[in-house]
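Following my numbering, the numbering of the sequence shown begins with -15 at its first residue and continues without gaps.
Note that the Cβ used here is the ideal one computed from N, Cα and C, for glycine as well.
Since the structure is predicted, the reported quantities are computational estimates derived from the model, not experimental observations.
Data first, discussion second: the structure below is written as structure tokens.
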Amino acid sequence: MFRPKQSEPRQTPRPTGRHWLLGNAALAAEPAIADAAVTPTATAATSAAPLRPQPEPVPSPRPAPSSTPPASVPHDPWSRLQLLRDVETADVVGWLRGGRGAIVTAVLLCVAAALMVALTTPPRYTVFTDILVDPANLNVVRDDVFTSNPQRDAQLLDVESKLRILTSRNVLTRVIDRLDLTNDPEFVKPGGLSFLRNLISAKDATQDRRLEVMRALSEQVEARREERSFVVVMKLWSQDPEKAVTISNAIVDAFEAELFQSSSESAGRVVKNLNERLDELRRNVNEAERKVEDFRRAKGLQSSNGELVSTRISSELNTQVLDAQQRFIQADSRYKQMSAAIAERRTASASIFDSAAMTNLRQQYNTLQQQVGSIAAIFGAKHPQMVTALSEQQAVDAAIVREARRILDLAKADLDREQATLKMLQSKAGVEKSNVFTDNDALVQLHDLERDARAKAAIYESHLARAQQIGERQQIDTSNVRVISRPMPPKARSWPPRTLYLLIGGAILGLLLGIAAALMRGAWFYLRDPRPTHG
């Protein structure tokens, strides 16, 4: 099979690029010596007449490769690796031909492995849920206990924190308890000794099962935030598409419940602290009010409608003093007028004397005076009737004087009474005025105590109102979390890929591995015996 055609002259083997290591003379002499040993005469004939057909030389058998390299091959490993620089395409093709079996075997093995993976690997169905986590909570009550920060960095930190809650153990625990995943064979892989472990300690086995389910579920769920948005994408896979949707919805519900419970517990802690503070504030208010009442009682500071009784009494006494002064002035003026009228003998005509008896006496006096005038005109001044009339007139006049003096005595008594009343009221007013000054000095201290009591009462009332408001806020869910894209059952599994793709990939991988193995095998033999493999 190595014979040249009749029309072609036999060519000597072409030397390769190993001359710089093996020497040009040695490599050129090796094929020449081999040809001379086979047909010594044919070489000369061929050189003399190259176009003449020559008889086919009988190839000499190639000696078996020795376990030790020839003397011309370098023993340094690095120098021997330099031989790979002289490998040609024909050498590589020869190596691949020699490794056809290894390539086919590798392809078959990888295809079989891919088929086994496709048949034995549990499928994974992945669902996605888009959740909008708005950092600004719902403004249900004014001055909420949880304030929102308008800065974007703070809002992103809030969303990242809620993102961590989405895959936290509390949320996953709620899902495990709700869906009873501890009895789901997808999450609990029964082992050989699980039955004995359950018999020895059922409580520890249950706890281990929960931890196993927790680890498995945490590996199956993943959440991330979309860049430059508050949208969180949750990815979850399961061996059943419907179960994946159910678990995803359960995680969202547990996430919302966990957020509500977290805010409720935080508000509850605030209410508890406020209630503990309220007890102390209540005691402070009661003590301050008790001090006010004790001071008021000790100082005799009675008040009515926000005004001290002493101040009101002093004001009323001052009013009474003014009235008494007015009455005293009137009584004094009346007495003086009466005294002047009596001294001037004008009792009969003075209007100051006003009484029923005086009026009757004046009428009698006027009647008698008319009779005296009439008798004097008719009978004369010395007529007995005239004497009788004058006598009666003098008697009436004397009665008028007596009545006037009686009225004067009454006026004097009224004047003395009004004067005594005025002095008494002035004395009382003076005493009450000193009491008012004393009470005013005490009132300054009382106002200080009342201000302290009012301040403590205001703080207590504000804390009480705040505690009640937060207590009501504790029952309201203000978290602004909305699901904008519900999970849908996937039509195809996400892992492993389709069987056809696995088989194609296995075939390609096997082909690459087989080619690599064939090339490594050829390179190994090439380094051991650096002779051309093409021919």
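Under the three-state reduction of DSSP, which class applies to Q114: helix, strand or coil?
-> Mapped onto the sequence shown, residue 114 falls at position 130. Contrary to the premise, residue 114 reads as Asp rather than Gln in this sequence. DSSP places D114 within a strand segment (E or B) once states are collapsed to three.
Mapping DSSP to helix, strand and coil, what is M218?
-> The residue given as residue 218 occupies position 234 in the sequence shown. In the structure shown, M218 falls within a strand segment according to DSSP collapsed to helix, strand and coil.
Quickly, what does DSSP pair A207 with across the bridge? List them, please.
-> As a first step, residue 207 must be located in the sequence shown, where it is residue number 223. Answer is M218, bridged to A207.
Residues near V269 by beta carbon distance below 8 Å, same chain, minus five either side | Here residue 269 refers to the residue found at position 285 when the sequence shown is read from its first residue. Within the same chain, V269 has close Cβ partners A437, K440, A441, Y444.
Between the beta-carbon of Y349 and the beta-carbon of V385, is there less than 8 Å?
-> Position 365 of the sequence shown holds residue 349. Position 401 of the sequence shown holds residue 385. Inclusion of Y349 and V385 in the CB contact set at 8 Å is not warranted, their separation being larger than that value.
Of all the options R194, R280, I160, S418, which has the alpha carbon lying nearest to the alpha carbon of F239?
-> Numbered from 1 along the sequence shown, position 255 holds the residue referred to as residue 239. Here the closest residue by C-alpha is I160.
Whose C-alpha, out of Q314, R158, T372, Q459, is nearest the C-alpha of L406?
-> On the sequence shown, residue 406 is found 422 positions in, with the first residue counted as 1. Considering only alpha carbons, the answer is Q314.
Measure how close the beta-carbons of W417 and S335 come, nearest whole angstrom, since I'm counting them as under 8 Å.
-> Within the sequence shown, numbered from 1, the residue matching residue 417 stands at position 433. Within the sequence shown, numbered from 1, the residue matching residue 335 stands at position 351. The sequence given here places Lys at residue 417; Trp does not occur at that position. Not confirmed; about 41 Å, so no contact.
DSSP three-state assignment for L285, whether helix, strand or coil | For the purposes of this step, residue 285 is identified with residue 301 of the sequence shown, where counting begins at 1. DSSP places L285 in coil when its eight states are reduced to three.
Enclosing alpha helix (DSSP H) for S375 [first to last residue] = Taking the sequence shown and counting its residues from 1, one reaches residue 375 at position 391. That run of the alpha helix (DSSP H) goes 368 to 457.
Output the distance between the C-alpha atoms of D114 and A120, rounded to the nearest integer angstrom.
-> As a first step, residue 114 is located in the sequence shown; it is residue number 130 there, counting from the start. As a first step, residue 120 is located in the sequence shown; it is residue number 136 there, counting from the start. Near 18 Å, if we compare the C-alpha coordinates of A120 and D114.
Using alpha carbons as the reference points, say which of R108, Q353, D237, I362 lies closest to R162.
-> Start at 1 with the first residue of the sequence shown, and residue 162 comes out as number 178. Among R108, Q353, D237, I362, the Cα nearest to that of R162 belongs to D237.
Check the DSSP bridge columns for Y109 and list the partner residues they point to.
-> Position 125 of the sequence shown holds residue 109. Per DSSP, S222.
Give the secondary structure of I499 by DSSP, where H, G and I count as helix, E and B as strand, and everything else as coil.
-> Position 515 of the sequence shown, counting from 1, holds the residue named residue 499. Note: I499 maps to helix in three-state DSSP.
Label A12 either buried or exposed according to how many other C-beta atoms from any shown protein chain fall within 10 Å of its C-beta, with 16 as the threshold for buried.
-> Taking the sequence shown and counting its residues from 1, the one referred to as residue 12 is at position 28. Note that A12 has pLDDT 36, beneath the 50 cutoff, so the model's placement of it is unreliable and the number below is only indicative. Burial call: exposed.
Same chain only: Cβ atoms within 8 Å of A525, ignoring 5 sequence neighbours per side = Residue 525 lies beyond the stretch modelled for the chain, which goes from -15 to 519, so this question has no answer here.
Counting only the same chain and skipping the five closest in sequence on each side, list residues whose C-beta sits under 7 Å from that of S489.
-> Along the sequence shown, read from residue 1 onward, the residue named residue 489 stands at position 505. Residue identity differs from the one stated: residue 489 is Gly in this sequence, not Ser. Excluding residues within five positions, the ones whose Cβ falls inside 7 Å are A98.
Classify S152 as helix, strand or coil using the three-state DSSP reduction.
-> Looking up residue 152 in the sequence shown gives position 168. If DSSP states are grouped into helix, strand and coil, S152 belongs with coil.
G364, buried or exposed, once every other Cβ within 10 Å from all chains shown has been counted against 16 = Position 380 of the sequence shown, counted from the first residue, corresponds to residue 364. By the 10 Å Cβ count, G364 comes out exposed.
Taking one C-beta from the segment 150 to 159 and one from the segment 189 to 204 each time, how about it: are there three or more such pairs within less than 8 Å?
-> yes
Any heavy atom of the ligand MN within a distance shorter than 7 Å of the CB on I149?
-> Annotation note on the ligand MN: not contained in the displayed structure, which lists no ligands.
Under three-state DSSP, which class holds S339?
-> Counting from 1 along the sequence shown, the entry for residue 339 is found at position 355. For S339, the three-state secondary structure derived from DSSP is coil.
Quick one: Cα of L427 to Cα of E300, how far?
-> Counting from 1 along the sequence shown, the entry for residue 427 is found at position 443. Counting from 1 along the sequence shown, the entry for residue 300 is found at position 316. Roughly 20 Å between the two C-alpha positions.
Rounded C-alpha distance that separates K146 from V117 | Locating residue 146 in the sequence shown gives position 162, counting from the first residue. Locating residue 117 in the sequence shown gives position 133, counting from the first residue. Approximately 8 Å between the Cα atoms of the pair.
Taking all protein chains shown into account, do 16 or more other C-beta atoms lie within 10 angstroms of the C-beta of Y485, making it buried, or fewer, making it exposed?
-> On the sequence shown, position 501 is the one that residue 485 refers to. Burial call: exposed.
Where does I87 sit, in a helix, a strand or coil, going by DSSP?
-> Locating residue 87 in the sequence shown gives position 103, counting from the first residue. The answer is helix: DSSP assigns I87 an H, G or I state.
Quick one: what does DSSP say I460 is sitting in, helix, strand or coil?
-> Start at 1 with the first residue of the sequence shown, and residue 460 comes out as number 476. Coil, per DSSP.
Closest residue to T230 among R470, R477, L493, Y510 (Cα-Cα distance) | On the sequence shown, position 246 is the one that residue 230 refers to. Looking at the Cα atoms, R470 is the closest of the given residues.
Report the partner residues of W479 according to the DSSP bridge assignment.
-> To locate residue 479, count along the sequence shown from 1; it is residue 495. Looking at the DSSP assignment, W479 forms a beta bridge with R108.
Same chain, Cβ closer than 8 Å to I149, neighbours up to 5 away in sequence not counted | As a first step, residue 149 is located in the sequence shown; it is residue number 165 there, counting from the start. V155, F239, E242, L243, S246.
Does DSSP classify R466 as helix, strand or coil?
-> Your numbering for residue 466 matches position 482 in the sequence shown. Of the three classes helix, strand and coil, the one that applies to R466 here is strand, per DSSP.
Nearest neighbour of I326, chosen from D393, Q309, N167, E271 [CA to CA] = As a first step, residue 326 is located in the sequence shown; it is residue number 342 there, counting from the start. Checked all of D393, Q309, N167, E271; the closest Cα to I326 is D393.
In chain order, what residues of the same chain lie with their CB nearer than 6 Å to the CB of G252, ignoring the 5 residues before and after it?
-> Locating residue 252 in the sequence shown gives position 268, where the first residue counts as 1. Excluding positions up to five away in sequence, the list reads Q458.
Close Cβ partners of N302 (< 6 Å) along its chain, the five nearest in sequence each way excluded = Counted from its first residue, the sequence shown places residue 302 at position 318. Counting only Cβ-Cβ distances below 6 Å, and skipping sequence neighbours, we find A413.
Relative to the C-alpha of F421, which residue among R296, S446, A382, I460 is closest?
-> Residue numbering aside, residue 421 sits at position 437 when the sequence shown is read from its first letter. When each option's Cα is compared against that of F421, the closest is R296.
If we count the other Cβ atoms within 10 Å of its Cβ and call it buried at 16 or more, is W221 buried or exposed?
-> Residue numbering aside, residue 221 sits at position 237 when the sequence shown is read from its first letter. Buried: at least 16 other Cβ atoms inside 10 Å.
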